[in-house]
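Visitor: Residue numbers (this note's numbering): 513 to 1696.
By construction, the Cβ of each residue, glycine as well, lies at the ideal position given by its N, Cα and C atoms.
This one's a predicted model, so the numbers in the text were calculated from it and none came from an experiment.
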């Protein structure tokens, strides 16, 4: 086909086939179309200005009725539309018998002239209309020559102006998919149901559906632009699930809700029908009776409810219809493959499920066969009247699908053993590889072209791109700091700490405990932050052992606000999980690109700690749940993706700014009530002012109906001093804060300036951003102020999270030290702020060093935010004056001194939060004191009381009367763990403390090992061996090892010295009790046969000294794997007393052997400790 587009102006003459016409004073597009395969030529002259058409047609073979000039008859648009509808109806009906266009027009009472006139009036744009025969009406425009070269579908469309050309290209680039169209239609119908949803709201919902339900990757975009096939396969592939608990798809939520309302929802009725359900419901006739599921799925496809097809087969139990694949080959079956060596039972179960005919699960393993393997090898099955072995039936069906299985397995083993051949192509085609290398070398020798300069205008500003990123872990404590932290835990904190630690240890041991959901609460000064720092350190240390990489996060700290996150060394919830500030339900899933990043970071996450939980609402908690489910990719609806949650906070503080607090029920999605268990801290541990902390705790739970105690009122009124100070002022309302700040900046900064925000809007003509005259009247989701009063010496607060890891977070305060202006204008370029905490902004100061006279100041630059839905931008410094702040702004902040005004308190908990911001009572100044302003919400305590109690780990040993107790511990270095040993053992006042692996030299000072009230005796490794055996000599020269024993001053005991023992041991005889306790440490490299020899000699010697002998210590022999040592000791008359794991790794290597008379009974209890990989053993010797 040849097509020419000519633009003619003014007057012209056109002659086609002897017909001459004149068109005057008009811009006309002439389209000449030559159809080589048609017996006629068609010429359209289309007049654009008045949208009327002058059509000339020359036909050499047949008479033409459309070569006349259209007359200017009067016709309304309604009549024209009606005529075109009649034409469309006539050509669309199946009963149309017309063979020519004239017959068609005559059948509906019109002619060619009326049709053209109607088309001109009803048409909105210039179009080309081909004159076709009725028989060719539904044939796409094509060209004979092109069709020979391009053997595929052809649909040539005519383009008559530039706009049509653009629309044609864009329509193919952004061609909609059927699924997306259905999704948008459903969203539009849903939005139209509500009368109060205007057009703008409807479009917003449609846009949200489109943006959040379809993300196109780079590869897919290229495929779509180039019109390549995204998916192409010659055969269908079907997956068959096997095993006991297969992942299934549930019915839509709306359907489940309807079934629940009609009481039809059962466990079986909530799932969609899958391949297994259809197979079990197959007809009870041939060929289905003896057909396995693999053959069924491969040869039969599912027929949709609305699909019309012949020969479809109905399944039983309303499982739908299937039809045999006739047009395509049988589908390829995919399934999970198990190893017959490592998982034999799963292997034979899957093989039977796939290739053995069955109707119910019991057919795969009858009651006579305890395992699938036995049924596979020994079972029999009646097939076509003959009894055959199950193995033969399965293997025959399996052979159909697993062709060349042995050869493919051998190939796989070869690839695994030898690796992939990366240079195989180079070896096969050396000429092409040589050419490629020459091209690379030539490319490196070319001169580098200078980059094009890009103007820094608002809509083309280029953000700084980080080539690499390094995220430091702010919570890494050195071992000594961590031990100091753990050592200071009180009994309440230890119970919670050890319960979480025990859960982590079970994870390390591979037991897969159920996730827990813990809520830790308590008043001011009860050590909540102290506890979660301890839990974070210990849980991270333990769970790192089961992580896939050393730098993987297993425990994550988060907080809802920037200031709370910085104080804890954590990240904010929103930035950590890529959650927007405006959180609304229903949940919006995260896109694949960001989701993959989070999966890399948090794939090994086991525990999530959320601080300041009182500021989290139900919607935000639901988003945390959704993100964790996406990250962990759990196949079920387990809460939080099976990640354990520790929520820390105080509901008596201020609730969330938006949304309802978590303790309130009846939320659309409630993941708090009934899910979390509480553990409340009540002991005051604040060292600076415990009396003030007790007052705050009474104010925390004070009800409005109950008067405050006279003593508390008196104490608080004494702080109403009336003194004037520059300390932080805390008010209830924004108006009070603004009034105080303006008054202070006028008094303190006489040369202050007003920084106007720069608002940008899009130019409708150019589409570029331009500076707006004035400011936007309405601003959404932006904290940047319209005007900022500022000056040197002004107190300011950061109002936006810029860098949480650097401490530049919303809420940090400081003083302005300098204001830098732009060199080419009077605009302020940078504000330098010296923050109260010198740690804030350290990294920023390293990147951009400030001037020398303000070396500790941090540069604060202009920030940019979208402020409306039309793309409007605002540029302003993220600062505000901070001589005064609202109570909501200071929650989570701790200062040394503050002035608190109780005037205009309007919500419960406000006064308590304001008063508890200072560390001590002496740092508090009160204005407008009113005891009625101090009250809490009445239902908080009731809601907390209704929560389930978190089960705690009891770390206290069992006390009995008339008993003698020994504390056995592998300290792994006595010098470095002396304080921890003292804290762990002295709480119970043990008469005897036995320690192994003391790591002490021969001469040790008494101060480095002294415990008040105890005498210490050491047996170091260097003095333990006297044998000439080479193995023992080599052990003696090594470091570490050694044992020791602490005995109370008031205990009558004797240290026995037995020569030639050749065992690292300490022998102590308690005279009054007639007991001998031997503390033993056996190094791992000590040969077991040699050790047994010397332990036998020792036991024979001890038998002559006492009837009650106890051998305790670290024997480095796991009794849970083999009982060789305990059986050996039984032959010597000793029995093992410990039956639990004694190390973090789940081994039992700390032994307690007894040989005694009926005078004593012994009980052992394994107790957790934090400073060693071994647990402690509490041994109690009771007299009968």
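Under DSSP, the beta strand (DSSP E) around residue 1675 begins and ends at which residues?
Guide: Position 1163 of the chain shown, counted from the start, is the residue given in the question as residue 1675. 1672-1679 is the span of the beta strand (DSSP E), which, as asked, contains residue 1675.
Visitor: What do you get for residue 965, buried or exposed, if any count of 16 or more other CB atoms within 10 angstroms of its CB means buried?
Guide: What you label residue 965 is simply residue 453 of the chain shown in a count that begins at 1. Since pLDDT at residue 965 reaches only 38, below the 50 mark, its modelled position is unreliable, and the value read off the structure follows with that caveat. It is exposed - the Cβ of residue 965 has fewer than 16 other Cβ atoms within 10 Å.
Visitor: Which same chain residues end up closer than 8 Å to residue 1049 when comparing Cβ atoms and leaving out the 5 residues on each side of it in sequence?
Guide: Along the chain shown, one-based indexing puts residue 1049 at 537. Closer than 8 Å at the Cβ level, and outside the excluded window around residue 1049, lie 987, 989, 994, 997 and 998.
Visitor: Over what stretch of residues does the alpha helix (DSSP H) that includes residue 599 continue unbroken?
Guide: By one-based count along the chain shown, residue 599 stands at place 87. Counting along the chain, the alpha helix (DSSP H) containing residue 599 begins and ends at 589-604.
Visitor: Find the nearest neighbour of residue 1391 within the set 1320, 1378 and 1311, judged by alpha-carbon distance.
Guide: On the chain shown, residue 1391 is found 879 positions in, with the first residue counted as 1. Considering only alpha carbons, the answer is 1311.
Visitor: What number of angstroms, rounded off, separates the C-alpha of residue 1563 from the C-alpha of residue 1614?
Guide: For the purposes of this step, residue 1563 is taken as the residue at position 1051 of the chain shown. For the purposes of this step, residue 1614 is taken as the residue at position 1102 of the chain shown. The straight-line gap from Cα to Cα measures roughly 21 Å.
Visitor: Using the Cβ count rule (16 or more neighbours within 10 Å means buried), how would you classify residue 708?
Guide: Translated into the one-based positions of the chain shown, residue 708 becomes position 196. Residue confidence is low: residue 708 scores 46 on pLDDT, short of 50, so the model does not pin down where it sits. Its coordinate-derived value is still stated next. Result: exposed.
Visitor: Run through DSSP, which three-state label would residue 1629 get?
Guide: What you label residue 1629 is simply residue 1117 of the chain shown in a count that begins at 1. Coil at residue 1629, not helix or strand.
Visitor: From residue 1716 to residue 1316, what does the alpha carbon distance come to, in whole angstroms?
Guide: Lying outside 513 to 1696, the shown extent of the chain, residue 1716 is not represented and no answer is given.
Visitor: Which first and last residues belong to the alpha helix (DSSP H) in which residue 1138 is found?
Guide: Along the chain shown, read from residue 1 onward, the residue named residue 1138 stands at position 626. Run containing residue 1138: 1130-1144, per the alpha helix (DSSP H) assignment.
Visitor: Where do the N-terminal and C-terminal ends of the beta strand (DSSP E) with residue 759 fall, by residue?
Guide: To locate residue 759, count along the chain shown from 1; it is residue 247. Run containing residue 759: none; DSSP gives neither H nor E here.
Visitor: Are the CB atoms of residue 1662 and residue 1686 nearer to each other than 8 Å?
Guide: Your numbering for residue 1662 matches position 1150 in the chain shown. Your numbering for residue 1686 matches position 1174 in the chain shown. It is a contact, given that the beta carbons lie within the stated cut-off.
Visitor: State the Cα-Cα distance for the pair residue 908 and residue 823, rounded to the nearest angstrom.
Guide: One-based indexing of the chain shown puts residue 908 at position 396. One-based indexing of the chain shown puts residue 823 at position 311. C-alpha separation (whole angstroms): 29 Å.
Visitor: Sorted by chain position, which residues of the same chain lie with C-beta nearer than 6 Å to residue 1163's C-beta, five sequence neighbours on each side aside?
Guide: Counting from 1 along the chain shown, the entry for residue 1163 is found at position 651. Answer for residue 1163: 1126, 1175 and 1452, listed in chain order.
Visitor: Return the first residue and the last residue of the alpha helix (DSSP H) that residue 1397 is part of.
Guide: Counting from one through the chain shown, the residue named residue 1397 turns up at place 885. No alpha helix (DSSP H) holds residue 1397; the beta strand (DSSP E) holding it covers 1396-1398.
Visitor: Express the C-alpha separation of residue 1277 and residue 598 in angstroms, rounding to a whole number.
Guide: If you number the chain shown from 1, residue 598 lands on position 86. If you number the chain shown from 1, residue 1277 lands on position 765. Going from the Cα of residue 598 to the Cα of residue 1277 covers about 43 Å.
Visitor: Assign residue 563 to one of two classes, buried (16 or more other C-beta atoms within 10 Å of its C-beta) or exposed (fewer than that).
Guide: Taking the chain shown and counting its residues from 1, one reaches residue 563 at position 51. At residue 563 the pLDDT is 33, less than 50, meaning the model places this residue with poor confidence; the figure from the coordinates comes in the next sentence. Exposed is the call here.
Visitor: Does the structure place the region 832-842 close enough to the region 870-884 that three or more beta carbon pairs sit under 8 Å?
Guide: Touching, no.
Visitor: In the DSSP assignment, find the unbroken alpha helix (DSSP H) run with residue 1424 in it and report its ends.
Guide: Translated into the one-based positions of the chain shown, residue 1424 becomes position 912. 1422-1427 is the span of the alpha helix (DSSP H), which, as asked, contains residue 1424.
Visitor: Quick check: what's the CA-CA separation for residue 1180 versus residue 1131?
Guide: Reading the chain shown from its first residue, position 668 is the one you call residue 1180. Reading the chain shown from its first residue, position 619 is the one you call residue 1131. Roughly 9 Å separates the two Cα atoms.
Visitor: Touch check for the region 1210-1220 and the region 1043-1059: three-plus C-beta pairs under 8 Å?
Guide: Too few Cβ pairs lie closer than 8 Å, so no.
Visitor: Under 8 Å between the Cβ atoms of residue 1536 and residue 1556?
Guide: In the chain shown, residue 1536 corresponds to position 1024, counting from 1. In the chain shown, residue 1556 corresponds to position 1044, counting from 1. Not in contact: residue 1536 and residue 1556 (Cβ atoms no closer than 8 Å).
Visitor: Applying the 10 Å Cβ sphere with the 16-neighbour rule, what's the burial state of residue 668?
Guide: Within the chain shown, the letter at position 156 stands for residue 668. When all chains shown are included, residue 668 counts as exposed.
Visitor: Give a yes or no on whether the C-beta atoms belonging to residue 1347 and residue 1324 are separated by under 8 Å.
Guide: The count along the chain shown starts at 1 and reaches residue 1347 at position 835. The count along the chain shown starts at 1 and reaches residue 1324 at position 812. A contact, by the Cβ cut-off of 8 Å.
Visitor: What span of residues does the beta strand (DSSP E) with residue 1271 cover, start to end?
Guide: Against the chain shown, residue 1271 aligns to sequence position 759. From DSSP, the beta strand (DSSP E) with residue 1271 extends over 1270-1274.
Visitor: Which residue's Cα is closest to the Cα of residue 856: 888, 1096 and 826?
Guide: Position 344 of the chain shown, counting from 1, holds the residue named residue 856. Selected option, being the one with the closest Cα: 888.
Visitor: Is it true that the CB of residue 795 sits closer than 8 Å to the CB of residue 828?
Guide: One-based indexing of the chain shown puts residue 828 at position 316. One-based indexing of the chain shown puts residue 795 at position 283. Their beta carbons are under 8 Å apart, which means residue 828 touches residue 795 by this criterion.
Visitor: Let me make sure I understand the geometry here. Which of 1285, 1570, 1078 and 1596 has the alpha-carbon closest to that of residue 1406?
Guide: By 1-based counting over the chain shown, the position of residue 1406 is 894. Checking every option, the nearest Cα to that of residue 1406 belongs to 1078.
Visitor: Looking only at DSSP bridge pairs, what is residue 1555 linked to?
Guide: The residue you call residue 1555 lines up with position 1043 of the chain shown. 1508 and 1531, per the DSSP bridge assignment.
Visitor: Could you check which residue in 676, 1652 and 1610 has the C-alpha nearest to that of residue 1644?
Guide: Along the chain shown, one-based indexing puts residue 1644 at 1132. Of the candidates 676, 1652 and 1610, the one whose C-alpha sits nearest the C-alpha of residue 1644 is 1610.
Visitor: Pairs of beta-carbons, one from the region 1366-1378 and one from the region 1329-1343, closer than 8 Å: are there three or more?
Guide: Yes, since at least three Cβ pairs between the region 1366-1378 and the region 1329-1343 fall closer than 8 Å, the two stretches touch.
Visitor: Mind pulling the alpha helix (DSSP H) runs of 4 or more residues that sit fully within the region 1424-1479?
Guide: Those alpha helix (DSSP H) runs which fall completely within the region 1424-1479 and span 4+ residues are 1452-1457.
Visitor: Applying the 10 Å Cβ sphere with the 16-neighbour rule, what's the burial state of residue 1008?
Guide: Residue mapping note: residue 1008 aligns to position 496 of the chain shown, counting from 1. Looking at its Cβ environment, which holds 16 or more other Cβ atoms inside 10 Å, residue 1008 is buried.
Visitor: If you measure between the beta carbons of residue 1642 and residue 1620, is that distance less than 8 Å?
Guide: Working through the chain shown from its first residue, we reach residue 1642 at position 1130. Working through the chain shown from its first residue, we reach residue 1620 at position 1108. Not a contact, by the Cβ cut-off of 8 Å.
Visitor: Answer yes or no: do residue 1387 and residue 1242 have a C-beta to C-beta separation smaller than 8 Å?
Guide: As a first step, residue 1387 must be located in the chain shown, where it is residue number 875. As a first step, residue 1242 must be located in the chain shown, where it is residue number 730. Going by C-beta atoms, residue 1387 is not nearer than 8 Å to residue 1242.
Visitor: Can you grab the Cα-Cα spacing for the pair residue 1240 / residue 1408, in whole Å?
Guide: Position 728 of the chain shown holds residue 1240. Position 896 of the chain shown holds residue 1408. Whole-angstrom Cα-Cα distance: 10 Å.
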